[in-house]
Amino acid sequence: MSIEPLSWGRGSIPPDDGLPTRPSAPPEGKWSVPARSANLEAVRSALTSENSLGVVITGGRGVGKSSLARAAVADLGPDVWSLQLRTGPSGSATPYGCLSFLLARLPQAYMGSPTAILRGITSLIRSDAAGRPCIITLDTSGSIDDMSAGVLLNVMLTRTARIIAVAPNSSDLPSDFHWLLTERRLAEVRLSNLNELQTRQVLLSLLGHRVSSSLVTTFHQMVGGNPLLLKALVTEQQLSGNLVLSDSVWTLRDKVVLDGAASLDDIVRSRWSREAPETREVIEMLSCARRVELSRLTAVYGADVVADMEDGGLLEIDDSDCRWVSLREKYIGDVVRTWLSISRRRELRAVLLGGQEPDPATMTVEELMSAAAWTHECEAALSPALALAAAEAAVQLFDPRFALTYADMLQRTDPQWAPAQRQKAAAYLQLDMPVQALAALDDISRPELEALDLEEYAEVIAAKAQVMLRLPAHAAKVPDLLASARQRLDKVGHHAAWPAPVAVAANRIALSEFEYRAHAGDFTAMIPDLERAADPARNPDISFRFRSAIILMGALATTGREMDALSLMRQLGGQISDASHVVGLRERYTKEAYFVLLVAGQWRRCIDLLGSTGQGQANGLPYRSAATELAVGMAYVFSGRGDAALEPLISAAAQLELQPVETALRSAYAATALAYAQTGNTAQARRYLGKLQRTPGKAGFAAESIIEFCALVAGRWLGDSEAVTTLKQTARRNMAAGRWTIAGISLLAATVNGSDADFRLLEEIAGHRQGPLAEISRLTALGSRTKDAKALLAGAELAATLELDAVEARCMALAVDFARQDGDAASARTAQARLDILASTVANLPIVPSSGSPLLTSRERQIARMAGRGASNRDIALEMGVSVRTVEGHLYQVFTKLGVTSRGDLTGLV
Numbered sequence: 000m001s002i003e004p005l006s007w008g009r010g011s012i013p014p015d016d017g018l019p020t021r022p023s024a025p026p027e028g029k030w031s032v033p034a035r036s037a038n039l040e041a042v043r044s045a046l047t048s049e050n051s052l053g054v055v056i057t058g059g060r061g062v063g064k065s066s067l068a069r070a071a072v073a074d075l076g077p078d079v080w081s082l083q084l085r086t087g088p089s090g091s092a093t094p095y096g097c098l099s100f101l102l103a104r105l106p107q108a109y110m111g112s113p114t115a116i117l118r119g120i121t122s123l124i125r126s127d128a129a130g131r132p133c134i135i136t137l138d139t140s141g142s143i144d145d146m147s148a149g150v151l152l153n154v155m156l157t158r159t160a161r162i163i164a165v166a167p168n169s170s171d172l173p174s175d176f177h178w179l180l181t182e183r184r185l186a187e188v189r190l191s192n193l194n195e196l197q198t199r200q201v202l203l204s205l206l207g208h209r210v211s212s213s214l215v216t217t218f219h220q221m222v223g224g225n226p227l228l229l230k231a232l233v234t235e236q237q238l239s240g241n242l243v244l245s246d247s248v249w250t251l252r253d254k255v256v257l258d259g260a261a262s263l264d265d266i267v268r269s270r271w272s273r274e275a276p277e278t279r280e281v282i283e284m285l286s287c288a289r290r291v292e293l294s295r296l297t298a299v300y301g302a303d304v305v306a307d308m309e310d311g312g313l314l315e316i317d318d319s320d321c322r323w324v325s326l327r328e329k330y331i332g333d334v335v336r337t338w339l340s341i342s343r344r345r346e347l348r349a350v351l352l353g354g355q356e357p358d359p360a361t362m363t364v365e366e367l368m369s370a371a372a373w374t375h376e377c378e379a380a381l382s383p384a385l386a387l388a389a390a391e392a393a394v395q396l397f398d399p400r401f402a403l404t405y406a407d408m409l410q411r412t413d414p415q416w417a418p419a420q421r422q423k424a425a426a427y428l429q430l431d432m433p434v435q436a437l438a439a440l441d442d443i444s445r446p447e448l449e450a451l452d453l454e455e456y457a458e459v460i461a462a463k464a465q466v467m468l469r470l471p472a473h474a475a476k477v478p479d480l481l482a483s484a485r486q487r488l489d490k491v492g493h494h495a496a497w498p499a500p501v502a503v504a505a506n507r508i509a510l511s512e513f514e515y516r517a518h519a520g521d522f523t524a525m526i527p528d529l530e531r532a533a534d535p536a537r538n539p540d541i542s543f544r545f546r547s548a549i550i551l552m553g554a555l556a557t558t559g560r561e562m563d564a565l566s567l568m569r570q571l572g573g574q575i576s577d578a579s580h581v582v583g584l585r586e587r588y589t590k591e592a593y594f595v596l597l598v599a600g601q602w603r604r605c606i607d608l609l610g611s612t613g614q615g616q617a618n619g620l621p622y623r624s625a626a627t628e629l630a631v632g633m634a635y636v637f638s639g640r641g642d643a644a645l646e647p648l649i650s651a652a653a654q655l656e657l658q659p660v661e662t663a664l665r666s667a668y669a670a671t672a673l674a675y676a677q678t679g680n681t682a683q684a685r686r687y688l689g690k691l692q693r694t695p696g697k698a699g700f701a702a703e704s705i706i707e708f709c710a711l712v713a714g715r716w717l718g719d720s721e722a723v724t725t726l727k728q729t730a731r732r733n734m735a736a737g738r739w740t741i742a743g744i745s746l747l748a749a750t751v752n753g754s755d756a757d758f759r760l761l762e763e764i765a766g767h768r769q770g771p772l773a774e775i776s777r778l779t780a781l782g783s784r785t786k787d788a789k790a791l792l793a794g795a796e797l798a799a800t801l802e803l804d805a806v807e808a809r810c811m812a813l814a815v816d817f818a819r820q821d822g823d824a825a826s827a828r829t830a831q832a833r834l835d836i837l838a839s840t841v842a843n844l845p846i847v848p849s850s851g852s853p854l855l856t857s858r859e860r861q862i863a864r865m866a867g868r869g870a871s872n873r874d875i876a877l878e879m880g881v882s883v884r885t886v887e888g889h890l891y892q893v894f895t896k897l898g899v900t901s902r903g904d905l906t907g908l909v
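Residues in the sequence shown are numbered from 0 upward in steps of one, following numbering that gives the first Met the number 0.
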């Protein structure tokens, strides 16, 4: 009696089901698996191990259990026959429920008893497999009946097939499966939600192009790393037009809004239907308030409800003194909030506040943003004080569009209107819209300006000066504006002492004068004034003192006093918490500290500095992320690592083209051009230089110096002699102004093929500077001018301590030639070996040894390293899977290239 084999291939669904075909999309297993490589390897190992009967994949809803199972089966190749089983909605109530389609194919003779059915299904599976290994995937969304469990156990124990069981928890499986797990005949692979790195890998696989950091962070925070929700969110944002491909980088056009997000809405409604009424109300409350103090939430809803929700994974409670409570999965709040009517939002707000409006003066910036957003969503009017405070908080959190929304709520008749115009101007500046910023401030009439109290008057004047510096046509008028303000203050009280309002206002105007001089690059002359302003003994105004000290950091770093600047940076870093009440102070410090570290050659510390800032501030992510990625890429470019710089720089440029941030777009274009030039990609380097030339704008001296440096050095890498000439002219101009650090950096870049005069000038400039980068410049100039290989090796070793790969490669390449010319074989070997290693990080060497000595290939380097450790030719051949003769041939090439005669000479060279 024959049992006909299945004719449907893999799985239990016929390919021709009469349904219309849908456009092809990436298979789920294909896009989510890159983040699950370790889990996939564990599943594969369980399916191929001799003693294993299969594997159980467990995890929460949407973490990718079924996707991993499909990927594992596909990974085993076409020689494996697979069968997919799924428990039905009736679960254990239907005998042989998940095997019903196989049961229907059994001849009547097999239907007499459970034993006959067991044997018949086992025989049928074996027949369908036709001698091939068989894998059964069992998706247990419901319970498995005992009859099906018995058949599956027999299938495993008779080695008819191995099983991949998919379940939320191992406790959801039949008891026989528990026994196999205990006996380690079945392995368990537990999946959890993705971390942020895995989320990036999934997005790369799903979207097929680069993804910006803001996109990764935003999506990861919203869905908590759940792959199913992540895919739904990607689909929704693509359909809404908010997720866009900008210059081959996927990024967000604006903030994520989930109103109308059908697929996510369905997921949340499914979960919502299973929650108790009191749980739903807490979710509604937190969806509107974003976060609530634990004490207040428990007072309203009871400690038991909150504790149960935390145990169930719905809530998270932070470790701060206030113990803030928020929804663990942010997307739930975003979706639920769209369901609530205006009246329901107002009702929830009244319950939480208890009839008492919040006091903006007692709230943190995050609290202000949440309170203002909730009030605005209730279509209730914000009090002028709350609207102003929210606008200021939004500027501080780098959320300029929200700042504009709240600032626009104030009426001209409100006492806070002028300060709101100031916040509006700051927001426009963040959006790189200085014309609109100036218009907002010019809207304050002369009588209104004169009617302001002295401190607010000084703040408005300072804000106007800052805006005018961004407009070349107005920058020259800033000194007159500040002089006029100072005259007014002098008439009120020239000799008043701090904290008198006139003294506070005078300090604010003095700070604007410092900012103007720093913008113009007039550092040398103002350092004594800055030192007096930053002296605690002379100035008790902590805001003025710290902000003056921050400007002093940059002035010292620019004028050759790099070590003094670094010392001041460390000092301020330890004291800045004492001035935490000063709005925006930490951001100013971080920005200036980054510049100090960059020009001092401390690029690695630049990246470390960026990693310690901006954590947990999701409000301004679309803006902060672009600036952060730009800063990371710029640090890599300054180190000479163009390959490493390209990823963050291309992402930053793509985001900034959609959402400009101050003057960062020009910096991004210049740095990207240099990164491409460093990697030898001439076409792309010229493309970004063209973009830079077509982009208008003017930044302060520090930013413009970096932009100009990157663009000119890119031109130098591309062989543009005019760029080299301009670099030398720039060096002389900065030298004349006492900006020794900038002069030295420019001339070092210009003298890759310099003259004796250039090198003498570089030595002279180095004598006016402090720190290791100055010494590197001096040794490079001295060694190049005198053809001293040892000086160049010393400079290269110093560059290596700072990981300045391009500078080190330059010194080593010259050292190879000069050492060989002098017959110094040891120095030549050392330089050549180090140059060989640098070739892996510096794709396009700034100088190639004129002797033409070739670098080691990767195979030669591998063999030389093993030989230097004492391995014999036979051991090396066995390790690499080649013949002894092949090893001997490679070693001959290594000895020839490095100029050595024995294995002992290889130690330390490779």
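We put the CB at the ideal spot given by N, CA and C, even for glycine.
Check: Among Ala-592, Ala-524, Asp-755, nearest to Ala-548 - alpha-carbon criterion; Outcome: Ala-592
Check: At least 3 beta-carbon pairs within less than 8 Å: the stretch 479-490 vs the stretch 499-519; Outcome: yes
Check: Contact check, Met-734 vs Ala-722, beta carbons under 7 Å; Outcome: no
Check: Terminal residues of the alpha helix (DSSP H) in which Asp-138 lies; Outcome: That residue, Asp-138, is in no alpha helix (DSSP H); its beta strand (DSSP E) goes 133-138.
Check: Residue range of the beta strand (DSSP E) that includes Glu-315; Outcome: 314-316
Check: Proximity test, Cβ basis, 7 Å: Asp-521 and chain B; Outcome: Annotation note: the requested chain B is absent from the structure, which comprises a single protein chain.
Check: Start-end ranges of the beta strand (DSSP E) lying completely within the stretch 615-675, minimum 3 residues; Outcome: none
Check: Cβ-Cβ separation, Val-881 to Arg-873 (assumed contact under 8 Å), whole Å; Outcome: At roughly 11 Å, the Cβ-Cβ gap does not stay under 8 Å, so Arg-873 and Val-881 are not in contact.
Check: Ser-624 classed as buried or exposed, judged by whether at least 16 other C-beta atoms fall within 10 angstroms; Outcome: buried
Check: Asp-310 classed as buried or exposed, judged by whether at least 16 other C-beta atoms fall within 10 angstroms; Outcome: exposed
Check: Trp-338, enclosing alpha helix (DSSP H) - first and last residue; Outcome: 329-338
Check: Residue burial classification, Arg-738 (beta-carbon count within 10 angstroms, cutoff 16); Outcome: buried
Check: CA-to-CA distance, Val-581 to Gly-572, given in whole angstroms; Outcome: 14 Å
Check: Runs of beta strand (DSSP E) wholly within the stretch 101-180 (minimum 3 residues, chain order); Outcome: 133-138, 161-166
Check: Nonlocal neighbours in the same chain, by C-beta distance under 7 Å from Ser-650, ignoring five residues either side; Outcome: Arg-209, Ser-211, Ser-212, Val-248, Glu-628
Check: Assumed close pair Thr-159, Thr-198 - CB separation to whole angstroms, cut-off 8 Å; Outcome: That belief does not hold up - the Cβ atoms of Thr-159 and Thr-198 are roughly 39 Å apart, past 8 Å.
Check: Rounded separation between Glu-292 and Glu-274 - CA only; Outcome: 22 Å
Check: Ala-914 vs Leu-451 beta-carbon contact at 7 Å; Outcome: The question about residue 914 has no answer, for the chain in this structure spans 0 to 909.
Check: One or two residues paired with Gly-58 in a DSSP bridge; Outcome: Leu-190
Check: Simplified DSSP state of Thr-895, which is helix, strand or coil; Outcome: helix
Check: DSSP state of Ser-382 mapped onto helix, strand, coil; Outcome: coil
Check: Neighbourhood of Gly-639 by C-beta, 7 Å cutoff - its chain only, sequence neighbours within 5 removed; Outcome: Gln-677, Leu-803, Asp-804, Ala-805, Val-806, Val-841
Check: Exposed unless 16 or more other CB atoms sit within 10 angstroms - verdict on Glu-910; Outcome: This structure leaves residue 910 out entirely; the chain is present only between 0 and 909.
Check: Proximity below 7 Å, CB of Trp-602 to CB of Ala-643; Outcome: no
Check: Identified DSSP bridge partners for Gln-83; Outcome: Thr-136
Check: Where the beta strand (DSSP E) containing Leu-244 begins and where it ends; Outcome: 242-245
Check: contact_flag[the stretch 584-598, the stretch 537-552] where n(CB pairs < 8 Å) is 3 or more; Outcome: yes
Check: Close-in-space but distant-in-sequence residues of the same chain around Asn-538 (CB under 7 Å, 5 per side omitted); Outcome: Ala-532, Arg-544
Check: Element boundaries [beta strand (DSSP E), containing Leu-326]; Outcome: 323-326
Check: Residue span of the beta strand (DSSP E) that contains Leu-251, given as start and end; Outcome: 248-251
Check: Assigned exposure category for Asn-194 - 16 Cβ within 10 Å defines buried; Outcome: exposed
Check: 7 Å CB neighbourhood of Thr-20 in its chain, flanking five on each side removed; Outcome: With a pLDDT of only 35 at Thr-20, under the threshold of 50, the placement of this residue in the model should not be trusted; the figure read from the coordinates follows. Hits under 7 Å: none found.
Check: Contact check, Gly-192 vs Val-62, beta carbons under 7 Å; Outcome: Per the sequence presented here, residue 192 reads as Asn, with Gly not at that position. Yes; because the gap between Cβ atoms is below 7 Å, this pair is in contact.
Check: Span separating the alpha-carbon of Ser-566 from that of Gly-553; Outcome: 12 Å
Check: Among Cys-97, Gly-96, Leu-123, nearest to Tyr-109 - alpha-carbon criterion; Outcome: Leu-123
Check: Sufficient close CB pairs (3 or more, under 8 Å) joining the stretch 328-339 to the stretch 293-308; Outcome: no
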